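Encoded as structure tokens, the structure appears first; notes follow it.
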Amino acid sequence: MSLSLDDVRRIARLARVAVTDDEAQATQTQLNRILGLIEEMRAIDTSGIEPMAHAQDVHLRLREDVVTATDRREAFQSVAPEKENGLYLVPKVIE
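Numbering (my numbering), first residue to last: 4 to 98.
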């Protein structure tokens, strides 16, 4: 599949992007190269290949799920202008 110059101009118009004739021609060349690469990749038989999340066999180092921060809720709420039942009260913004 390849794009014509009219296709590129239409795409630019739909995207609300102003392009000159030289820019449209350069963009046409670049887009046609990209579409050609996609066609090459589609032609490859990948039926026996298992999908992978990363190109390398990478494993994340895991750590124990333990609490490391102290509970400072009371200290933070002590300076709040208004609070009720452990919640911050804020002025109504939308009327």
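The beta carbon of each residue, even a glycine, is placed where N, CA and C say it ideally should be. None of the values given here were measured: they were computed from a predicted structure.
Through-space distance from residue j to residue i, alpha-carbon basis
i: GLU77; j: GLY89; result: 8 Å
i: ARG36; j: VAL11; result: 13 Å
i: ASP48; j: GLU98; result: 60 Å
i: SER50; j: VAL93; result: 57 Å
i: THR73; j: SER81; result: 16 Å
i: ARG19; j: HIS57; result: 36 Å
i: GLN33; j: VAL96; result: 49 Å
i: ASP60; j: VAL70; result: 30 Å
i: LEU38; j: ASP24; result: 21 Å
Inter-residue CB distance, residue i and residue j (contact presumed, cutoff 8 Å)
i: LEU8; j: ALA27; result: 6 Å
i: GLU43; j: MET4; result: Actually they do not touch by this definition, with Cβ atoms about 12 Å apart.
Own chain, CB closer than 8 Å to residue i, minus 5 neighbours either side, in chain order
i: THR30; result: VAL11, ALA15, VAL22
Own chain partners of residue i with C-beta closer than 7 Å, once the 5 adjacent residues on each side are dropped
i: PRO84; result: none
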